[in-house]
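Each residue of the sequence shown is one higher than the one before, starting from 1 at the first, in full-length UniProt numbering.
A virtual CB, placed ideally from N, CA and C, is assigned to each residue, including glycine.
The structure appears right after this line, and notes come after that.
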Amino acid sequence: MDLDRLQQLLQPLFPGLMGVQITEATPERVVATMRVRPELCTAGGILHGGAHMAFADTLGAVGTILNLPQGKRTTTTDSSTKFIGGAKVDTTVTGESIALHRGRTTMVWQTSVRNAEGKLCSVVTQTQLVLD
Numbered sequence: 001m002d003l004d005r006l007q008q009l010l011q012p013l014f015p016g017l018m019g020v021q022i023t024e025a026t027p028e029r030v031v032a033t034m035r036v037r038p039e040l041c042t043a044g045g046i047l048h049g050g051a052h053m054a055f056a057d058t059l060g061a062v063g064t065i066l067n068l069p070q071g072k073r074t075t076t077t078d079s080s081t082k083f084i085g086g087a088k089v090d091t092t093v094t095g096e097s098i099a100l101h102r103g104r105t106t107m108v109w110q111t112s113v114r115n116a117e118g119k120l121c122s123v124v125t126q127t128q129l130v131l132d
């Protein structure tokens, strides 16, 4: 699936509302950016933890979709987030999701979210269930 088609799929959904922009997508790796807007932040002007998690969840889901057999769908069954640093309002974060496991019934993805300076902000590991 090409990047334009992926972006069209995301646009009317929650990832589109968040402003997720897919920049690279292969069955092994997904990369995207997201502008840190005030409505995605805590009172201190730092990207909210839930926004980190939703951003990463989107990347892992996109990676899984790229690996799904025809007629299958997916849902997240487990997610673990480690917060390491912050991303300031009016900057852009970059997420890179790498496939750790691409099985028949589950897929596991690990996403690193970095701030505009390239510093690691969070690491999210998620399991995606493959559904009929």
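Cβ neighbour criterion (16 or more within 10 Å) applied to Pro15: Taking the sequence shown and counting its residues from 1, the one referred to as residue 15 is at position 15. Buried: at least 16 other Cβ atoms inside 10 Å.
Which value, in whole angstroms, describes the spacing of the CA atoms of Ser122 and Ile46? Residue numbering aside, residue 122 sits at position 122 when the sequence shown is read from its first letter. Residue numbering aside, residue 46 sits at position 46 when the sequence shown is read from its first letter. If you take the alpha carbons of Ser122 and Ile46, they lie about 13 Å apart.
Distance, Gly118 Cα to Glu39 Cα: Walking along the sequence shown from the start, residue 39 turns up at place 39. Walking along the sequence shown from the start, residue 118 turns up at place 118. Rounded to whole angstroms, Glu39 to Gly118 spans 22 Å at the Cα level.
Measure the alpha-carbon distance for Gly49 versus Val113 and round it to whole angstroms. The residue given as residue 49 occupies position 49 in the sequence shown. The residue given as residue 113 occupies position 113 in the sequence shown. Distance between the alpha carbons of Gly49 and Val113 is about 11 Å.
Is it buried or exposed for Thr26, if we count other Cβ within 10 angstroms and need 16 for buried? Position 26 of the sequence shown, counted from the first residue, corresponds to residue 26. Exposed: under 16 other Cβ atoms inside 10 Å.
For Val62, the first and last residue of its enclosing alpha helix (DSSP H): Reading the sequence shown from its first residue, position 62 is the one you call residue 62. Looking at the DSSP string, the run of the alpha helix (DSSP H) that includes Val62 is Gly49 to Asn67.
Within 10 angstroms of its Cβ, does Gln128 collect 16 or more other Cβ (buried), or is it exposed? As a first step, residue 128 is located in the sequence shown; it is residue number 128 there, counting from the start. Result: buried.
How big is the Cα-Cα spacing for Leu131 and Ile98? In the sequence shown, residue 131 corresponds to position 131, counting from 1. In the sequence shown, residue 98 corresponds to position 98, counting from 1. In a straight line, the C-alpha of Leu131 is about 21 Å away from that of Ile98.
Same chain, Cβ closer than 6 Å to Thr92, five either side skipped, listed in chain order: As a working mapping, residue 92 is identified with position 92 in the sequence shown. Hits under 6 Å: Thr33, Arg35 and Ala116.
Burial state of Leu59, where buried means 16 or more other Cβ atoms lie within 10 Å: The residue labelled residue 59 in the question sits at position 59 within the sequence shown. Leu59 should be labelled buried.
Is DSSP giving Met18 helix, strand or coil here? The residue given as residue 18 occupies position 18 in the sequence shown. Three-state DSSP puts Met18 in a helix.
So who's on the other strand from Arg73, going by DSSP bridges? Here residue 73 refers to the residue found at position 73 when the sequence shown is read from its first residue. The partner list for Arg73 (beta bridge, DSSP) reads Leu131.
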